[in-house]
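UniProt numbering applies: residue 1 is where the sequence shown begins, and numbers increase by one.
For every residue, glycine included, the Cβ atom is placed at its ideal position computed from N, Cα and C.
Have a look at the structure below before the remarks.
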Amino acid sequence: MGRPLRERQADLTGTLLPALSLDLSAPAPADSRALFARPVSAVWMEIGFGGGEHLAHQIRLHPDTGFIGCEPFVNGMAKMLRRIEAEGFDAIRLYDRDAGEAIDWLAPASLDRVYLLYPDPWPKKRHWKRRFISADMLTRLARVLKPGAELRFASDIDTYVDWALAHVHDHPDFTWTATTADDWRKPWADWPSTRYEAKALREGRTPAYLTFRRVDNV
(Lines of atoms letter the chains of each structure in order from A and count residues from 1; the text may use other names and numbers.)
(Lines give C-alpha, C1' and ligand atoms only; values in the text may rest on other atoms or scores of the structure.)
Protein backbone atom coordinates (compact mmCIF):
# COMPACT_ATOMS: atom_id res chain seq x y z
CA MET A 1 0.00 0.00 0.00
CA GLY A 2 1.14 3.57 -0.64
CA ARG A 3 1.47 6.29 1.92
CA PRO A 4 -1.80 7.74 3.26
CA LEU A 5 -3.10 10.69 1.28
CA ARG A 6 -2.87 14.14 2.76
CA GLU A 7 -6.22 15.73 3.55
CA ARG A 8 -6.26 18.03 0.50
CA GLN A 9 -5.17 15.22 -1.81
CA ALA A 10 -7.98 13.06 -0.46
CA ASP A 11 -10.44 15.92 -1.01
CA LEU A 12 -9.34 16.32 -4.63
CA THR A 13 -9.58 12.57 -5.22
CA GLY A 14 -13.19 12.74 -4.10
CA THR A 15 -14.14 15.92 -5.99
CA LEU A 16 -11.81 16.90 -8.85
CA LEU A 17 -11.06 13.36 -10.03
CA PRO A 18 -14.73 12.49 -10.71
CA ALA A 19 -15.11 15.76 -12.62
CA LEU A 20 -12.16 15.00 -14.89
CA SER A 21 -12.50 11.22 -15.24
CA LEU A 22 -13.43 9.64 -18.54
CA ASP A 23 -16.92 8.16 -18.40
CA LEU A 24 -16.57 4.81 -20.11
CA SER A 25 -20.26 4.07 -19.61
CA ALA A 26 -21.07 6.72 -22.24
CA PRO A 27 -20.19 6.38 -25.93
CA ALA A 28 -16.81 7.82 -26.86
CA PRO A 29 -17.02 10.91 -29.08
CA ALA A 30 -16.09 10.37 -32.71
CA ASP A 31 -13.72 13.33 -32.37
CA SER A 32 -11.71 13.01 -29.16
CA ARG A 33 -11.21 16.78 -29.01
CA ALA A 34 -14.83 16.94 -27.83
CA LEU A 35 -13.70 15.45 -24.51
CA PHE A 36 -12.38 18.84 -23.46
CA ALA A 37 -14.24 21.92 -22.27
CA ARG A 38 -12.35 24.24 -24.61
CA PRO A 39 -11.04 23.85 -28.16
CA VAL A 40 -7.82 21.85 -28.57
CA SER A 41 -5.88 21.07 -31.72
CA ALA A 42 -4.64 17.58 -30.83
CA VAL A 43 -5.04 14.89 -28.17
CA TRP A 44 -2.14 13.13 -26.46
CA MET A 45 -2.24 10.34 -23.87
CA GLU A 46 0.26 9.39 -21.18
CA ILE A 47 -0.02 5.85 -19.84
CA GLY A 48 1.14 5.47 -16.24
CA PHE A 49 2.14 9.05 -15.50
CA GLY A 50 3.39 8.37 -11.96
CA GLY A 51 3.57 11.63 -10.03
CA GLY A 52 2.74 13.64 -13.14
CA GLU A 53 6.07 15.42 -13.63
CA HIS A 54 6.28 14.71 -17.36
CA LEU A 55 2.56 15.12 -17.98
CA ALA A 56 2.46 18.53 -16.30
CA HIS A 57 5.56 19.61 -18.24
CA GLN A 58 3.93 18.73 -21.55
CA ILE A 59 0.71 20.51 -20.60
CA ARG A 60 2.69 23.68 -19.90
CA LEU A 61 4.57 23.42 -23.20
CA HIS A 62 1.52 22.62 -25.32
CA PRO A 63 -1.49 24.64 -24.11
CA ASP A 64 -3.39 23.97 -27.35
CA THR A 65 -3.24 20.19 -26.83
CA GLY A 66 -5.73 18.12 -24.86
CA PHE A 67 -4.25 15.44 -22.60
CA ILE A 68 -5.55 12.14 -21.28
CA GLY A 69 -3.60 10.87 -18.28
CA CYS A 70 -3.92 7.27 -17.10
CA GLU A 71 -2.58 6.24 -13.68
CA PRO A 72 -3.98 3.41 -11.53
CA PHE A 73 -2.05 4.20 -8.34
CA VAL A 74 -3.86 6.55 -6.00
CA ASN A 75 -0.82 8.45 -4.73
CA GLY A 76 0.37 9.31 -8.22
CA MET A 77 -3.12 10.39 -9.21
CA ALA A 78 -3.40 12.54 -6.08
CA LYS A 79 -0.13 14.32 -6.90
CA MET A 80 -1.37 15.07 -10.41
CA LEU A 81 -4.64 16.41 -9.05
CA ARG A 82 -2.69 18.84 -6.87
CA ARG A 83 -0.76 20.00 -9.93
CA ILE A 84 -3.98 20.49 -11.87
CA GLU A 85 -5.49 22.55 -9.07
CA ALA A 86 -2.35 24.60 -8.46
CA GLU A 87 -1.67 25.41 -12.12
CA GLY A 88 -5.21 25.63 -13.43
CA PHE A 89 -4.79 23.03 -16.18
CA ASP A 90 -8.06 23.04 -18.12
CA ALA A 91 -7.51 20.60 -21.01
CA ILE A 92 -6.90 17.38 -19.11
CA ARG A 93 -8.94 14.20 -18.64
CA LEU A 94 -7.97 11.38 -16.31
CA TYR A 95 -8.48 7.65 -15.92
CA ASP A 96 -7.54 5.82 -12.72
CA ARG A 97 -7.89 2.20 -13.78
CA ASP A 98 -6.37 -0.01 -16.48
CA ALA A 99 -5.25 2.22 -19.36
CA GLY A 100 -6.23 -0.53 -21.77
CA GLU A 101 -9.87 0.11 -20.91
CA ALA A 102 -9.57 3.76 -21.92
CA ILE A 103 -7.71 2.82 -25.10
CA ASP A 104 -10.42 0.36 -26.11
CA TRP A 105 -13.16 2.92 -25.35
CA LEU A 106 -11.76 5.66 -27.57
CA ALA A 107 -12.95 6.00 -31.15
CA PRO A 108 -10.60 4.99 -33.97
CA ALA A 109 -7.85 7.49 -34.86
CA SER A 110 -8.46 9.51 -31.69
CA LEU A 111 -4.89 10.18 -30.57
CA ASP A 112 -2.02 12.18 -32.03
CA ARG A 113 0.59 10.88 -29.58
CA VAL A 114 0.96 8.33 -26.77
CA TYR A 115 3.64 8.29 -24.08
CA LEU A 116 4.67 5.11 -22.26
CA LEU A 117 7.54 6.19 -20.01
CA TYR A 118 9.39 3.84 -17.68
CA PRO A 119 6.60 1.27 -17.46
CA ASP A 120 6.85 -1.63 -15.02
CA PRO A 121 9.51 -3.87 -16.63
CA TRP A 122 8.38 -7.10 -14.97
CA PRO A 123 12.05 -8.15 -14.85
CA LYS A 124 11.55 -11.87 -14.20
CA LYS A 125 11.29 -13.72 -17.50
CA ARG A 126 8.24 -15.68 -16.42
CA HIS A 127 6.41 -12.36 -15.95
CA TRP A 128 7.34 -10.78 -19.30
CA LYS A 129 3.88 -11.55 -20.68
CA ARG A 130 2.53 -8.97 -18.20
CA ARG A 131 4.48 -6.13 -19.83
CA PHE A 132 2.32 -3.40 -21.30
CA ILE A 133 3.96 -3.70 -24.71
CA SER A 134 2.65 -6.78 -26.49
CA ALA A 135 1.46 -7.67 -29.97
CA ASP A 136 -2.13 -7.34 -28.78
CA MET A 137 -1.59 -3.95 -27.13
CA LEU A 138 0.20 -2.59 -30.20
CA THR A 139 -2.83 -3.56 -32.27
CA ARG A 140 -5.13 -1.82 -29.80
CA LEU A 141 -2.93 1.28 -29.82
CA ALA A 142 -2.77 1.24 -33.62
CA ARG A 143 -6.56 1.47 -33.74
CA VAL A 144 -6.67 4.71 -31.74
CA LEU A 145 -3.52 6.38 -33.08
CA LYS A 146 -3.86 8.47 -36.21
CA PRO A 147 -1.63 7.56 -39.17
CA GLY A 148 1.70 9.26 -38.59
CA ALA A 149 1.11 9.61 -34.84
CA GLU A 150 3.90 8.75 -32.42
CA LEU A 151 4.22 6.23 -29.62
CA ARG A 152 7.06 7.43 -27.39
CA PHE A 153 8.58 4.80 -25.11
CA ALA A 154 11.34 5.19 -22.52
CA SER A 155 12.95 2.54 -20.33
CA ASP A 156 16.17 1.96 -18.43
CA ILE A 157 15.80 -1.82 -18.53
CA ASP A 158 17.71 -3.32 -21.46
CA THR A 159 15.52 -6.41 -21.73
CA TYR A 160 12.39 -4.28 -21.97
CA VAL A 161 13.96 -2.02 -24.61
CA ASP A 162 14.85 -5.10 -26.65
CA TRP A 163 11.38 -6.50 -26.04
CA ALA A 164 9.70 -3.31 -27.29
CA LEU A 165 11.90 -3.12 -30.38
CA ALA A 166 11.24 -6.76 -31.24
CA HIS A 167 7.48 -6.37 -30.89
CA VAL A 168 7.39 -3.21 -32.99
CA HIS A 169 9.61 -4.82 -35.63
CA ASP A 170 7.10 -7.65 -35.95
CA HIS A 171 4.02 -5.41 -36.02
CA PRO A 172 2.76 -4.14 -39.39
CA ASP A 173 1.24 -0.93 -37.98
CA PHE A 174 4.37 0.58 -36.42
CA THR A 175 7.89 1.50 -37.43
CA TRP A 176 10.88 2.68 -35.37
CA THR A 177 11.91 6.14 -36.54
CA ALA A 178 15.58 6.10 -35.44
CA THR A 179 18.23 6.70 -38.10
CA THR A 180 21.25 7.28 -35.81
CA ALA A 181 22.22 6.10 -32.33
CA ASP A 182 21.57 9.56 -30.92
CA ASP A 183 17.91 9.13 -31.83
CA TRP A 184 17.50 6.64 -29.01
CA ARG A 185 20.39 7.57 -26.72
CA LYS A 186 19.32 11.19 -26.30
CA PRO A 187 15.94 12.22 -24.91
CA TRP A 188 13.41 14.14 -26.93
CA ALA A 189 13.93 17.90 -27.23
CA ASP A 190 10.99 18.66 -24.92
CA TRP A 191 11.96 16.07 -22.32
CA PRO A 192 12.11 17.05 -18.62
CA SER A 193 14.36 15.02 -16.36
CA THR A 194 12.25 13.11 -13.84
CA ARG A 195 13.04 11.73 -10.41
CA TYR A 196 12.81 8.18 -11.69
CA GLU A 197 15.25 8.88 -14.51
CA ALA A 198 17.69 10.58 -12.13
CA LYS A 199 17.56 7.51 -9.88
CA ALA A 200 18.24 5.20 -12.83
CA LEU A 201 21.27 7.23 -13.87
CA ARG A 202 22.63 7.29 -10.30
CA GLU A 203 22.34 3.51 -10.20
CA GLY A 204 24.21 3.11 -13.48
CA ARG A 205 21.32 2.30 -15.80
CA THR A 206 21.18 4.02 -19.19
CA PRO A 207 17.74 5.00 -20.47
CA ALA A 208 16.67 4.51 -24.07
CA TYR A 209 14.19 6.82 -25.77
CA LEU A 210 12.32 5.13 -28.59
CA THR A 211 9.94 6.79 -31.03
CA PHE A 212 7.58 4.56 -32.97
CA ARG A 213 5.36 5.91 -35.73
CA ARG A 214 1.91 4.65 -36.63
CA VAL A 215 2.17 3.52 -40.23
CA ASP A 216 -0.47 4.55 -42.75
CA ASN A 217 -1.36 1.20 -44.30
CA VAL A 218 -4.04 2.55 -46.63
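Query	Result
One or two residues paired with I47 in a DSSP bridge	C70 and L116
I92 beta carbon less than 9 Å from that of G50	no
Nearest to E101 (by Cα), restricted to the options S25, K129, R152 and T15	S25
Stretch-stretch touch, CB-based, cutoff 8 Å, three pairs: the segment 30-50 with the segment 12-20	no
V40 versus L20 - alpha carbon distance	16 Å
With 16 other Cβ atoms within 10 Å as the buried cut-off, status of R130	exposed
Complete runs of the alpha helix (DSSP H) confined to the segment 103-153 [at least 4 residues]	135-144
Own chain, CB closer than 7 Å to E85, minus 5 neighbours either side, in chain order	L12 and L16
Local Cβ density within 10 Å of L61, reported as buried at 16 or more and exposed below that	exposed
Whole-angstrom distance between G204 and L141, CA atom to CA atom	32 Å
Cα-Cα separation, I133 to H171	11 Å
S41 - DSSP class collapsed to helix/strand/coil	coil
Run of the alpha helix (DSSP H) containing I59, from where it starts to where it stops	E53 to L61
For T13, the three-state DSSP class (helix, strand or coil)	helix
Backbone CA spacing between D136 and K124 [nearest angstrom]	21 Å
Residue(s) in a DSSP beta bridge with Y209	A154
DSSP three-state assignment for S32, whether helix, strand or coil	helix
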